[in-house]
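**Q**
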Amino acid sequence: MHSDNFFRTGRRRSNASFSRCALLALALLFAFLALFHADYATRAYAREAPATPQGQQDATAAELVQEIISDASDNEGLHSRYQRLVTNPISPPDTRSPRATLESFLVIMQAANKLWLGVRDEFFANDNFFMTEEEKDQLVLVQSLLGKAAQTFDLSDVPAASRERFSIETVLQLQEIFDRIYLPPLEDIPGLPAGSNARADALGGPLPDKWIIPGTSLTIERVQDGPYSGQYLFTAATVDEIPDDYEALQSLPIIADRGEDLYQYYIYTPGNLVAPQWYQFILDGPGWLQNTFGGQAYWQWLALALTVVVLMLAIALYSRWNNRRPVPLDPAARQSRRLTPPLLVILAANLFHYLCEEQINITGDLLQIVTTIVSAIIWTTSAWLTYQVLQTLYMWTIRNPTVNNASLDASLVRTGFRVASFLVAIVVLGYGATRIGIPIYGVVAGLGVGGLAIALAAQPTLENFISGLILYADRIVRVGDFFQFSDTAGTVEEIGIRSTRIRALDRTLIIVANAELVKHKITNYSQRDVFLFRHKVGVRYETDSEALHKVRDSIHAALEAHESVLESPLRVRLVEYGDFAILFDIYANIAATDMNAFLEVQEQLLIAIREAVEDNGASFAFPSSTVYLSRDQLPEQKTVDIVENESDEERSKSAPAEKAYPVDET
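Read in order, the letters of the sequence shown correspond to residues 8 to 673 in the working numbering.
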C-alpha cells in the first residue's frame with residue numbers, strides 16, 4: 008500500500024518535472040521565435056524603405072542598366088569598353104570609383120542573366136538529354152561573367168576552397184537585392200562612368216574613401232592595401248551581410264522585367280546553372296520533394312544522404328577486400344601497395360564534392376561545410392600520400408641494382424627520407440590549412456606552439472632522434488659493425504630514428520635507445536685498422552738456456568716470415584718465471600680485413616709457434632704442483648692408560664647402584 012503510494016507520488020513528481028521542463032523549453036522556443044521575428048521585422052523594415060521610390064529621380068537596377076547602355080551608345084569609345092567588359096572573359100571590371108564599380112556589376116550581371124536564360128530556354132525547347140557544345144561554351148561564358156562580377160567584392164575573408172561557389176551565390180543574391188530596391192541616379196554616385204579614360208577624381212574633386220548606397224548598409228570602399236589597393240570594392244562586411252539582406256527582402260516583389268528569382272532557381276535545381284533533363288522526374292514526383300529545409304530542397308537532402316551511404320559502403324567493401332588480400336613478401340611491393348588507400352580517399356572525396364556541387368547542387372552554408380570537410384580530408388590525405396610516395400621512392404632507390412649498396416649507408420638514407428617525408432607532409436598540411444581558411448600566421452603560430460608542446464611531451468623521442476644524428480655524424484658505429492656496448496656485443500643491423508637494432512652473437516635481437524648508446528662506452532671492433540696478436544707461451548723449467556734462445560729466435564722468425572704480420576711492432580721476449588713455466592711474451596700486429604681473416608692468420612701462427620718449440624727440443628709446460636706427505640707421531644701409551652682409567656672412574660660414578668636380591672638355596 009505504502010509502496011504503491013510511493014510510486015504514484017514518484018510518478019506525479021516525474022510528470023510534474025517533465026511538465027515544467029516542457030513548459031520551459033516551449034517558453035525558450037517562443038522567446039527565440041520572438042527574437043527571430045523581431046530581428047527579421049527590423050531587417051525587413053530597414054530594407055523595405057528603399058523599395059519605395061524616394062523621388063522621380065530614383066530608378067530600378069534594370070533602368071540604370073538601360074541608361075548606362077544608352078550613354079555608352081552615344082560614346083563609341085565607351086561603348087567598345089562596355090562590349091569588352093561583357094564579351095572578353097579576362098577583362099576585369101572597372102573599380103576605380105564607386106560609380107564604376109556599381110555600373111560594372113550591373114552591366115556584367117545583365118549580360119550574364121540574358122545569356123543564361125537564353126541557354127536554358129533553348130536547351131529545354133530542343134528537348135535534348137545532353138547539351139550541345141555551343142550551349143556548354145555559352146554556360147562557360149556565363150560562369151566567367153559571374154566570376155567577373157564577383158571581382159567587385161572583397162572576398163579576403165572567404166576561404167579559398169569555397170570562394171568560387173560562394174562568390175556565385177553572393178552575386179546572385181546581390182542582384183536579387185538590386186532587383187527589389189530603387190537605386191540613386193548615376194550622377195549622384197561619386198566618380199566617372201565605368202570605362203572612362205579620364206581620371207577617377209576628374210568630377211567633383213577627390214573621391215570619398217567609401218560610399219553607401221542610400222537606404223541600405225551596402226558599402227563600397229577603397230581598399231587601402233594589398234593587391235587591390237586603390238580599388239573600390241564592396242566591403243567584406245557587406246559581402247557577409249548580403250545573405251541576410253536577401254532573406255529580409257526575399258518576400259518583396261521583383262521590380263525587374265524577368266519576374267523570376269534566379270538565385271532560387273540556382274540553389275534548388277540540380278546541375279550547374281541549367282537543370283538537366285532528369286530533373287523532370289523530380290518535378291513529376293511527390294510535391295513534398297520540392298519543399299525546402301535549411302536552404303535545401305527535400306530531394307537534395309535525400310540525394311546527399313544516399314550519396315554518403317553509397318560512398319561509405321564502397322569504402323567498407325574495399326577495406327574488407329584489402330584486408331583479405333595476401334601481403335607481398337617484397338618490401339618495395341608492400342610499400343607500393345600503401346599508395347592505394349590515400350589515392351582512393353582523394354578520389355572518393357573529389358567524387359563526393361563533384362556530386363554535391365555539380366549534380367545535387369548543394370548551396371549556401373551547407374556547401375561551405377561540405378567543401379571545408381572535403382578539403383580538409385583531401386589535404387590531410389595528400390600529406391599522407393606525399394609521405395608514402397617519398398617512402399616508396401626510398402624503397403625503390405635501395406632496390407635499384409644500379410645503386411652501389413656497398414657505398415650507400417641504407418640506414419642513413421632511410422632516416423633522411425623519413426625526416427624529409429615528414430617535413431614535406433607538414434608543409435603540404437600547412438598549405439592545405441590556408442586553403443580552407445586558416446590564416447598562414449595562425450598556421451605558423453600553431454605549428455610553433457604545437458612544436459613546443461610536442462617537444463616537451465616527446466623529449467625522450469627527440470633525444471633519441473638527436474642521438475641518432477650524432478651516431479651518423481660521428482660515425483661511432485655503422486650498419487654491419489661489430490662492437491661491444493657495456494656487457495653486450497653484437498653486429499649493428501639498423502640505426503633508426505629512435506633506436507638501434509643489434510644482432511648478438513647468440514642471434515638474439517637487442518634494441519637499444521640511441522640516447523643510451525651515445526652515453527656509454529662503445530668498443531667498435533670493425534673500425535680497427537689492424538688486429539693485435541698477443542700470447543704468452545710457457546715452456547718447462549727443465550729447458551736449458553741454449554734451448555730457450557733457440558725457441559725465442561725460431562718463434563720470431565716464424566712471425567717475420569708470415570705475410571700478414573707487420574714488421575713493427577714485433578717482439579718475442581722471455582718475460583717471466585711463472586709458477587710452473589718459463590713464459591715468452593709474443594706481440595705482433597696482423598693486417599686483416601675482418602675477424603674471420605684474423606682468426607685464420609692467428610691459427611697459422613699458433614701452429615708455427617708449436618713447431619718452433621718442439622723443433623728445438625723444448626716442450627710446453629703444463630700446470631703442476633708438488634705435494635709433500637708425512638705421518639704424524641702417535642701419543643705415548645702411558646698417557647693413553649691414564650686417560651682410559653679416568654674415563655672408567657667417571658663412568659662408574661655416573662652409573663646407578665645395583666639392587667641386591669636374596670638367593671633361594673633350596
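Using N, Cα and C, we set each Cβ at its ideal position, and we do this for glycine too.
Could you pull the DSSP bridge partners for W328 from this structure?
**A** Mapped onto the sequence shown, residue 328 falls at position 321. DSSP, once it has assigned bridges, lists no residue as partnering W328.
**Q** Drop a sphere of 10 angstroms on the beta-carbon of A156, count the other beta-carbons inside from all chains shown, and report buried for 16 or more, exposed for fewer.
**A** If you number the sequence shown from 1, residue 156 lands on position 149. Buried, by the Cβ-count rule.
**Q** Give the secondary structure of W386 by DSSP, where H, G and I count as helix, E and B as strand, and everything else as coil.
**A** On the sequence shown, residue 386 is found 379 positions in, with the first residue counted as 1. Helix, per DSSP.
**Q** At what residues does the alpha helix (DSSP H) containing V608 begin and finish?
**A** As a position in the sequence shown, residue 608 is number 601, starting the count at 1. Where V608 is concerned, the enclosing alpha helix (DSSP H) stretches over 602-622.
**Q** Would the beta-carbon of G497 fall within 8 Å of that of I517?
**A** Position 490 of the sequence shown, counted from the first residue, corresponds to residue 497. Position 510 of the sequence shown, counted from the first residue, corresponds to residue 517. In this structure, I517 lies closer than 8 Å to G497 by Cβ.
**Q** Can you tell which of L225, F490, L240 has the C-alpha that lies nearest to the C-alpha of D232?
**A** Locating residue 232 in the sequence shown gives position 225, where the first residue counts as 1. Checking every option, the nearest Cα to that of D232 belongs to L240.
**Q** For E583, count the other beta carbons within 10 Å of its own beta carbon; 16 or more makes it buried, fewer makes it exposed. Which is it?
**A** Numbered from 1 along the sequence shown, position 576 holds the residue referred to as residue 583. Flag for E583 reads exposed.
**Q** Leaving out five residues before and five after Y275 in sequence, what residues of the same chain have Cβ atoms less than 6 Å from its Cβ?
**A** Taking the sequence shown and counting its residues from 1, one reaches residue 275 at position 268. The residues are A304.
**Q** With hydrogens ignored, establish whether the beta-carbon of E183 is closer than 7 Å to any heavy atom of the ligand HEM.
**A** In the structure on display, the ligand HEM does not appear, and there are no ligands present to speak of.
**Q** Following the continuous alpha helix (DSSP H) through F112, name the residue where it begins and the one where it ends.
**A** The residue labelled residue 112 in the question sits at position 105 within the sequence shown. Taken as a continuous stretch (DSSP letters only), the alpha helix (DSSP H) holding F112 covers 105-133.
**Q** Can you confirm whether the stretch 592-612 touches the stretch 529-546 when touching is taken to mean that 3 or more C-beta pairs between the two stretches lie within less than 8 Å?
**A** The stretch 529-546, when compared against the stretch 592-612, does touch it at the 8 Å Cβ threshold.
**Q** Compare the Cα-Cα distances from F173 to each of W403, Q395, I376, I589 and report the closest residue.
**A** Looking up residue 173 in the sequence shown gives position 166. Comparing Cα positions, the closest option is I376.
**Q** Could you have a look at Q284 and say whether DSSP puts it in helix, strand or coil?
**A** Against the sequence shown, residue 284 aligns to sequence position 277. In the structure shown, Q284 sits in coil (DSSP, three-state: anything other than H, G, I, E or B).
**Q** Would DSSP call A45 helix, strand or coil?
**A** Walking along the sequence shown from the start, residue 45 turns up at place 38. Its pLDDT being 37, under 50, A45 is placed unreliably in this model, and the coordinates cannot settle the point.
**Q** Given F137, which residues of its chain have a CB within under 7 Å of its CB, disregarding the five upstream and five downstream residues?
**A** Within the sequence shown, the letter at position 130 stands for residue 137. For F137, where only same-chain residues beyond five positions count, there are no Cβ hits under 7 Å.
**Q** According to DSSP, simplified to helix, strand and coil, what is R15?
**A** Stepping through the sequence shown from its first residue, residue 15 is reached at position 8. With a pLDDT of 39 at R15, under the threshold of 50, the modelled position of this residue cannot be trusted, and the question is left open.
**Q** Buried or exposed: where does E621 fall if 16 or more other Cβ atoms within 10 Å of its Cβ makes it buried?
**A** Residue 621 sits at position 614 when you count from the first residue of the sequence shown. Exposed, by the Cβ-count rule.
**Q** With a threshold of 8 Å on Cβ separation, who are the neighbours of W295 within its own chain once the five nearest residues in sequence on each side are excluded?
**A** Residue mapping note: residue 295 aligns to position 288 of the sequence shown, counting from 1. Excluding positions up to five away in sequence, the list reads Y305.
**Q** Report the residue from P234, R485, H527 whose alpha carbon sits nearest the alpha carbon of I509.
**A** Position 502 of the sequence shown, counting from 1, holds the residue named residue 509. The candidate whose alpha carbon is nearest that of I509 is R485.
**Q** Within the 8 Å Cβ cut-off, does L318 reach chain C?
**A** The structure shown contains no chain C; it holds only a single protein chain.
**Q** Give every residue of the same chain whose Cβ lies closer than 7 Å to the Cβ of C28, excluding the five residues on either side of it in the sequence, and list them in chain order.
**A** Taking the sequence shown and counting its residues from 1, one reaches residue 28 at position 21. Per-residue confidence for C28 stands at a pLDDT of 44, beneath the threshold of 50, marking its modelled position as unreliable; the derived number appears in the next sentence. The answer is none, since no qualifying residue turns up.
**Q** Thinking S474 and V525 are a contact (beta carbons under 8 Å), I'd like their distance in whole angstroms, please.
**A** Numbered from 1 along the sequence shown, position 467 holds the residue referred to as residue 474. Numbered from 1 along the sequence shown, position 518 holds the residue referred to as residue 525. About 4 Å separates the two Cβ atoms, so the contact holds.
**Q** Quick one, which of E194, D195, G154 has its alpha-carbon nearest T177's?
**A** Working through the sequence shown from its first residue, we reach residue 177 at position 170. Out of E194, D195, G154, G154 has the C-alpha closest to the C-alpha of T177.
**Q** Closest by CA to L400, which one among A390, P215, S428, L373?
**A** Residue numbering aside, residue 400 sits at position 393 when the sequence shown is read from its first letter. Comparing Cα positions, the closest option is S428.
**Q** What is the rounded straight-line gap between the Cα of Y479 and the Cα of E567?
**A** On the sequence shown, residue 479 is found 472 positions in, with the first residue counted as 1. On the sequence shown, residue 567 is found 560 positions in, with the first residue counted as 1. Cα to Cα, the separation comes out at about 39 Å.
**Q** In this structure, does DSSP put K528 in helix, strand or coil?
**A** Numbered from 1 along the sequence shown, position 521 holds the residue referred to as residue 528. Coil, per DSSP.
**Q** Tell me whether the beta-carbon of P215 lies closer than 8 Å to the beta-carbon of R106.
**A** On the sequence shown, residue 215 is found 208 positions in, with the first residue counted as 1. On the sequence shown, residue 106 is found 99 positions in, with the first residue counted as 1. Contact: no.
**Q** Under 8 Å between the Cβ atoms of N521 and F490?
**A** Position 514 of the sequence shown, counting from 1, holds the residue named residue 521. Position 483 of the sequence shown, counting from 1, holds the residue named residue 490. Not in contact: N521 and F490 (Cβ atoms no closer than 8 Å).
**Q** Output needed for R127: all residues of its chain with C-beta closer than 7 Å, excluding positions within five of it in sequence on either side, in chain order.
**A** Position 120 of the sequence shown, counted from the start, is the residue given in the question as residue 127. Once the five neighbours on either side are set aside, the close Cβ partners of R127 are V281.
**Q** Buried or exposed for I502, please, with buried defined as at least 16 other CB atoms from any protein chain shown within 10 angstroms of its CB.
**A** Indexing the sequence shown from 1 puts residue 502 at position 495. The residue in question, I502, is buried, as its Cβ has 16 or more Cβ neighbours within 10 Å.
**Q** Let me check understanding here. Comparing Cα to Cα, which of P99, F131, R578 lies closest to W285?
**A** The residue labelled residue 285 in the question sits at position 278 within the sequence shown. Selected option, being the one with the closest Cα: F131.
**Q** Below 8 Å on the Cβ atoms is my contact criterion, and I expect L555 with I589 to pass it. Report the Cβ-Cβ distance as a whole number of Å.
**A** Mapped onto the sequence shown, residue 555 falls at position 548. Mapped onto the sequence shown, residue 589 falls at position 582. Sure, about 7 Å apart at Cβ, within 8 Å.
**Q** Rounded C-beta distance between I504 and T422? I'm assuming under 8 Å.
**A** Here residue 504 corresponds to residue number 497 of the sequence shown, with the count starting at 1. Here residue 422 corresponds to residue number 415 of the sequence shown, with the count starting at 1. That belief holds up - the Cβ atoms of I504 and T422 are roughly 6 Å apart, short of 8 Å.
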